[in-house]
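For any residue, its number in our numbering is found by taking its place in the sequence shown, counting from 1, and adding 406.
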Amino acid sequence: MKNIIQLLLLLSLIFSCTGCQKEDNKQQFNIYSLTGPTSMGSVKLYNDDKDQKYHSHIVSDGSEITSALINENADIAMLPANLAAILYNKNPNFKVVAINTLGVLYIVENGNTIQSIDDLHGKTIVLTGQGTTPEYVLKYLLNSANISDVDLIFKSSANEVAATLASGLADIALLPQPFVSVALSKNANLRIALNLSEQWNKYTDGQQLITAVTVVRNEILEKYPEDIKQFLNSYRESIEWVNQNNADAAKLIVQANILNDQLIAQNSLPFCNLVYIDGQEMKYLLENYLKVLYDADPSSIGMNLPDENFYFYN
Numbered sequence: 407m408k409n410i411i412q413l414l415l416l417l418s419l420i421f422s423c424t425g426c427q428k429e430d431n432k433q434q435f436n437i438y439s440l441t442g443p444t445s446m447g448s449v450k451l452y453n454d455d456k457d458q459k460y461h462s463h464i465v466s467d468g469s470e471i472t473s474a475l476i477n478e479n480a481d482i483a484m485l486p487a488n489l490a491a492i493l494y495n496k497n498p499n500f501k502v503v504a505i506n507t508l509g510v511l512y513i514v515e516n517g518n519t520i521q522s523i524d525d526l527h528g529k530t531i532v533l534t535g536q537g538t539t540p541e542y543v544l545k546y547l548l549n550s551a552n553i554s555d556v557d558l559i560f561k562s563s564a565n566e567v568a569a570t571l572a573s574g575l576a577d578i579a580l581l582p583q584p585f586v587s588v589a590l591s592k593n594a595n596l597r598i599a600l601n602l603s604e605q606w607n608k609y610t611d612g613q614q615l616i617t618a619v620t621v622v623r624n625e626i627l628e629k630y631p632e633d634i635k636q637f638l639n640s641y642r643e644s645i646e647w648v649n650q651n652n653a654d655a656a657k658l659i660v661q662a663n664i665l666n667d668q669l670i671a672q673n674s675l676p677f678c679n680l681v682y683i684d685g686q687e688m689k690y691l692l693e694n695y696l697k698v699l700y701d702a703d704p705s706s707i708g709m710n711l712p713d714e715n716f717y718f719y720n
C-alpha cells in the first residue's frame with residue numbers, strides 16, 4: 407500500500423511539473439521594426455498583448471533589422487520593401503506576409519515655388535536614406551521627368567533633415583511622415599509641396615508606391631503556423647484600429663517611444679498610409695513596385711527580382 411501511495415505521488419509530481427513546463431514555455435516572438443510608420447501600426451497589438459507573446463524591438467537603422475534576421479534573433483520584422491528584396495537575395499530565410507505601409511514621402515518647401523516635379527530643375531534637396539527607398543524613389547521620378555540638375559544633400563537621419571528645414575538652413579527637403587509633421591510644427595512657413603505617392607502613380611501608370619513590408623522567418627512559419635495566423639489577424643486589427651482612432655493611437659505611439667509628441671503623432675497618422683495588404687494583392691503590388699525599381703537600378707533591390715518563395719499566402 408505504501409509503494410502504491412509513493413507511486414501515485416510520483417506520478418502526480420511528474421504530471422504537475424509537465425503542466426508547469428508547458429505553461430512556462432509559451433512561444434514568444436521577437437519583432438523588429440523601424441522608428442516611424444513601420445512601427446506605428448503595431449501599437450495596439452503590443453498594448454493588447456497581456457500574455458507578452460510579442461517582444462518589440464524598435465530600431466533606428468535598417469541594418470539592425472537585417473542583422474537580426476540573418477542571425478535569427480528576429481522572428482518577425484517590418485522593414486523597407488526594397489531592403490527586404492536585397493536581404494532575400496543574400497539570405498532567403500524569410501517570406502513577406504504583408505505590405506504594412508504605402509507611400510509616406512513628401513517634398514516639403516519653405517516657400518511656394520514647387521508645384522510639380524518639373525519645378526525641381528536646378529534645386530537643392532536635403533534628404534536622408536542614401537542607398538534606400540527615399541533616394542531610389544526620388545531619382546526614379548527625376549529621371550522620369552528628364553531632370554538631371556538636382557543637387558541631393560544627404561543627412562544622417564530624418565530628424566536632422568526636419569531640423570535643417572525648420573531652421574531655415576534648407577528650402578526644400580524630402581521627408582517621410584511623421585517627420586513632415588515635425589518640421590511643419592516648428593516652422594509656419596513650411597508647406598507640403600508634392601506628395602511622392604501621387605507622382606509615383608503618375609509616372610508608373612498607376613502603380614502603388616510601397617514603403618514597408620512585414621516578413622516572418624521560414625522556420626517560424628513552419629513551426630508555429632497557428633501562432634503566426636493569430637499574429638497576422640491581431641496585426642491587421644491593430645492597423646485598422648490605429649487608422650480609425652488617431653487620437654488614442656497617438657497616446658500609444660508616444661508610450662512606445664516611437665515619437666515623443668502626441669499631437670504630432672496624431673496629426674501625422676492620416677498621412678502615414680498604414681495598411682494591411684496580403685495574399686495575391688500583396689504579391690501583385692509588390693512585384694510591380696520592385697520591377698520598377700529593378701528597371702531603374704538593379705542594385706536597389708539586390709540585383710535580382712525575388713522569386714515566388716519570397717511571398718507567403720496565408
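Even glycine gets a Cβ: it sits at the ideal position worked out from N, Cα and C.
Source: prediction; values computed, not measured.
Candidates the options: closest to residue i by CA position
| i | options | result |
| --- | --- | --- |
| I595 | V698, F435, N516, M688 | The amino acid at residue 595 is misidentified as Ile; the sequence shows Asn. When each option's Cα is compared against that of N595, the closest is N516. |
| N649 | N639, Q661, Q672, E628 | Q672 |
| V543 | V588, N488, Q583 | N488 |
| S603 | S473, N495, D467, I513 | I513 |
| N715 | W606, P498, I559 | P498 |
| Y609 | Q433, I683, G685, L548 | L548 |
| K496 | S473, I505, I626 | S473 |
| S573 | L581, S644, N593 | N593 |
| L558 | M484, S550, G442, E541 | E541 |
| Q484 | S550, S522, G442 | A small correction: the amino acid at residue 484 is Met; Gln does not occupy that position in the sequence shown. Residue G442 is the option with its Cα nearest to M484. |
| N663 | G537, S466, D457, K456 | S466 |
| Q536 | A480, G468, Q458, F500 | G468 |
Spatial distance of residue i from residue j (CA atoms)
| i | j | result |
| --- | --- | --- |
| I471 | N601 | 28 Å |
| L692 | S591 | 33 Å |
| A756 | A569 | In the structure as shown, the chain starts at 407 and stops at 720, and residue 756 therefore has no counterpart that could be examined. |
| K428 | A579 | Residue confidence is low: K428 scores 33 on pLDDT, short of 50, so the model does not pin down where it sits. Its coordinate-derived value is still stated next. So the two alpha carbons sit approximately 54 Å from each other. |
| D430 | D454 | Unreliable placement is indicated for D430, whose pLDDT of 39 sits below 50; no coordinate value is reported for it. |
| Y452 | Y460 | 7 Å |
| I707 | G685 | 21 Å |
| S674 | L711 | 33 Å |
| A491 | Q433 | 28 Å |
| C678 | I531 | 21 Å |
| S448 | L638 | 11 Å |
| T539 | S705 | 12 Å |
| N666 | S644 | 20 Å |
| S439 | H463 | 6 Å |
| I598 | L493 | 33 Å |
N-terminal and C-terminal residue of the beta strand (DSSP E) that residue i is part of
| i | result |
| --- | --- |
| V384 | Examination of residue 384 is not possible in this model, given that the chain is present from 407 through 720 alone. |
| E515 | 511-516 |
| S473 | Taken as a continuous stretch (DSSP letters only), S473 belongs to no beta strand (DSSP E), being part of the alpha helix (DSSP H) at 468-476. |
| T620 | 616-623 |
| S439 | 435-440 |
| I578 | 578-582 |
Assigned secondary structure, residue i (DSSP; H/G/I helix, E/B strand, else coil)
| i | result |
| --- | --- |
| N652 | helix |
| M484 | strand |
| K529 | coil |
| T538 | coil |
| D454 | coil |
| T610 | coil |
| D555 | coil |
| S603 | helix |
| T507 | strand |
| Y682 | strand |
| L711 | coil |
| P498 | coil |
| F718 | coil |
| L544 | helix |
Residues near residue i by beta carbon distance below 6 Å, same chain, minus five either side
| i | result |
| --- | --- |
| K689 | Y717 |
| L702 | Checking the sequence shown, residue 702 turns out to be Ala, not Leu. Excluding residues within five positions, the ones whose Cβ falls inside 6 Å are Y546. |
| T534 | K561, S563, A564, V567 |
| N694 | Q613 |
| I482 | F435, I437, V622 |
| A656 | Q668, A671, Q672 |
| I476 | N497 |
| V619 | A487, A490, V502, I505 |
Cβ-heavy atom distance, residue i to the ligand NAD, below 7 Å
| i | result |
| --- | --- |
| G535 | Absence of the ligand NAD is noted for the structure shown, with no ligands found whatsoever. |
Extent of the continuous alpha helix (DSSP H) to which residue i belongs
| i | result |
| --- | --- |
| S674 | 668-674 |
| S587 | 585-592 |
| D524 | Element bounds for D524: n/a, residue is neither H nor E. |
| V725 | Past the edges of the chain, shown from 407 to 720, lies residue 725, and the structure says nothing about it. |
| A569 | 564-572 |
| S445 | 443-446 |
Cut-off 7 Å between Cβ atoms - residues of its own chain near residue i, not counting five sequence neighbours on either side
| i | result |
| --- | --- |
| D525 | T519 |
| I670 | P584, S587, V588, S591 |
| Y630 | Q433 |
Other residues of its chain near residue i: CB distance less than 8 Å, five sequence neighbours each side excluded
| i | result |
| --- | --- |
| D527 | Strictly speaking, residue 527 in this sequence is His, with Asp absent from that position. So the list reads I553, D555, V556, once near-sequence residues are dropped. |
| L615 | L508, G509, L511, V543, L602, S603, W606, N607, Y695 |
| P676 | N652 |
| V698 | Y546, T610, Q613 |
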